[in-house]
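Residues in the sequence shown are numbered consecutively from 0, following numbering that gives the first Met the number 0.
Yeah, the Cβ is synthetic: ideal placement off N, Cα and C, and Gly gets one too.
First up is the structure itself, then whatever we jot down about it.
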Amino acid sequence: MMKSPPRPPILEHAYAPQEFRRLGHELIDQLAEYLAEAQSGVLRPTLPWKEPDKCLEYWSQFRAHGNFKELIRQTLSNSVSVHDPRYVGHQINPPLPVSALASLVVDLLNNGMGVYEMGMAGTAMEHVLVRTLSERFGMPKTAGGFMTSGGSLANLTAMLAARARLTDDDVWQQGNQRPLVAIVSESAHYCVDRALRIMGLGTRGIHRVPVNDRYQMRTDLLAEARSTIERQGGHVFAVVANSGSTSTGSYDNLESIADFCAMNNLWLHVDGAHGAAVCFSPKHRHLLSGIQRADSVTLDFHKLLMTPAITSALVFRNDQDSYRTFAQQADYLFAATQETEWYNLARRTFECTKHMMSLKVFSILACHGTDVFQAHVEYLFELAKTFAEMIRCHDRMELAIDPQANIVCFRYVLADWNDEQLGRINTRIREQIVRAGDYYLVQTSLRGSAWLRTTLSNPWTTTEQLSTLLDLIDRTGQQFR
Ligand SMILES: *Cc1c(COP(=O)(O)O)cnc(C)c1O
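Take a look at the structure:
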């Protein structure tokens, strides 16, 4: 027998199970304390702001001297706390503890998920989750899909599938043969614009349809949009709808858009990264009415469904469509088998190695069931309605629109200020509040000026805290009079 080379002691130590056990127990205690403290919403800033260069300097000079606990302590106290009830910023939700624990398992197992052999359990879980979604959407049995790394990548993948199905051209071999155009809402997420440009369609390949006063796509303009594009020599291949939009959480009229797509043989993609989560709420399910007619739907579990990022699904009404996108040989990965095997996922995803993200969601369903999704969505939507009412009743606040989801946009107003001045003041108010660290809220651009934007993400957020936030905005605004 040939002798193994001596195993370096540093590796022996770094992989030691007993050390993992010790550090792990300490870590869970530390995180449980963090969670309790964050939920109380009083002890620490929700956003401990540091100027970027200061932050870089801090971490450049940081030495933990092998002290993992200290590293985690400093990481926690220098990061945004999404479990803090005063976090009302971007759409990320506070992850459920079971899901965060499942993430640890995902990372330790490190199953790759590109080929079935490398991620058996995760692949099957993924299949179950996609089926759960397609059933919730009311899609036929032919539906299918997969999980992928983010809503942005899911949207790009959907656009690639649309192009592969609806054009006779062999884009894979020949590149774009015709000037293809996708019709999107004016309030589409910026990643849709990126996706179409990545596909080589250029500025000409994106036709933006204006929105109505509730920021929903003006479906009455679709037919005219198509004629205009075709008159100019373009070839429409897809329409992208929002369920709901990123800025305001507005849901497009899917029935009407689906009618238009059916009549013109166009691919309907629903960007439900944020809002398709209402498929778990009987109360709000109506917002997705028509989604069963979509060719593809994007949903981020890491937005409204309490899952750590990145955990996105792309669901196709006709599973076959998802196999054409990357119909390319990779002989070292795939033995020559049937075209449409559901279990070798990298045939259909851009990723090769892929995070075993399904366990993060599957763990939630296994421990809490879909009831927890329903409770969360309905609680936050109700809270958003209440917050909107509080804003409406406030003399110096203006509500942008009645919220359809858990996103509430508003601004501080003074009678004799114009839009441009108000935009500037609200930007400064937000900056000051965020730098102070007590609340984290963001801003968005609506009707050409800046508005404050909140996403109510946390079941621990109370109307008292929201009322304090309004007071704080009011007081900060007074300084700029
Ligand atoms: C957040 C969001 C995206 C982007 O998804 P990521 O998971 O952040 O890549 C796309 N579309 C909409 C409507 C979103 O809200």
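| Query | Result |
| --- | --- |
| Burial state of T147, where buried means 16 or more other Cβ atoms lie within 10 Å | buried |
| Segment limits, beta strand (DSSP E) that includes N263 | Counting along the chain, N263 falls outside any beta strand (DSSP E), though it belongs to the alpha helix (DSSP H) covering L253 to N263. |
| Proximity of M138 and R316 at Cβ, strictly below 7 Å | yes |
| Where Q477 sits in the DSSP three-state scheme | helix |
| Contact test: T245 Cβ vs ligand 1 heavy atom, cutoff 6 Å | yes |
| Spatial neighbours of R292 in its chain, beta-carbon cut-off 6 Å, leaving aside the 5 residues before and after | A257 |
| Chain-order list of residues whose beta-carbon lies under 6 Å from that of G476 (same chain, five-residue window excluded) | Y411 and I428 |
| Spatial distance of L471 from I432 (CA atoms) | 8 Å |
| Neighbour-count burial assignment, T453, 16 or more Cβ in a 10 Å radius | buried |
| Residues that DSSP places opposite D299 in a beta bridge | S311 |
| Residues of its chain near Q215, where Cβ-Cβ distance is below 6 Å and the 5 sequence neighbours each way are ignored | S249 and D251 |
| Chain-order list of residues whose beta-carbon lies under 7 Å from that of L26 (same chain, five-residue window excluded) | I71 |
| Residues of its chain near R225, where Cβ-Cβ distance is below 6 Å and the 5 sequence neighbours each way are ignored | V235 |
| Expected contact under 8 Å - CB spacing of P307 and K359 to nearest Å | 6 Å |
| Rounded C-alpha distance that separates N425 from C54 | 26 Å |
| Extent of the continuous beta strand (DSSP E) to which V407 belongs | I406 to Y411 |
| Distance between beta carbons of V127 and G144, contact taken as under 8 Å | Incorrect: roughly 12 Å between the Cβ atoms, too far for contact. |
| Any non-hydrogen atom of ligand 1 closer than 6 Å to D415 Cβ | no |
| 8 Å Cβ shell around V481 - same chain, five flanking residues per side excluded | Outside the modelled stretch of the chain, which goes from 0 to 480, sits residue 481, for which no answer is possible. |
| Cβ-based burial, E113 [other Cβ within 10 Å; buried from 16] | Here residue 113 turns out to be Gly, not Glu, going by the sequence shown. G113 comes out buried. |
| Proximity of A63 and E56 at Cβ, strictly below 7 Å | no |
| Distance, G447 Cα to M231 Cα | With the sequence shown as reference, residue 231 is identified as Gln, and Met is not the correct amino acid for it. Distance between the alpha carbons of Q231 and G447 is about 28 Å. |
| Residue environment, F90, which counts as buried when at least 16 other CB atoms sit within 10 Å | For clarity, residue 90 is Gln in the given sequence; the question names Phe instead. Classification for Q90: buried. |
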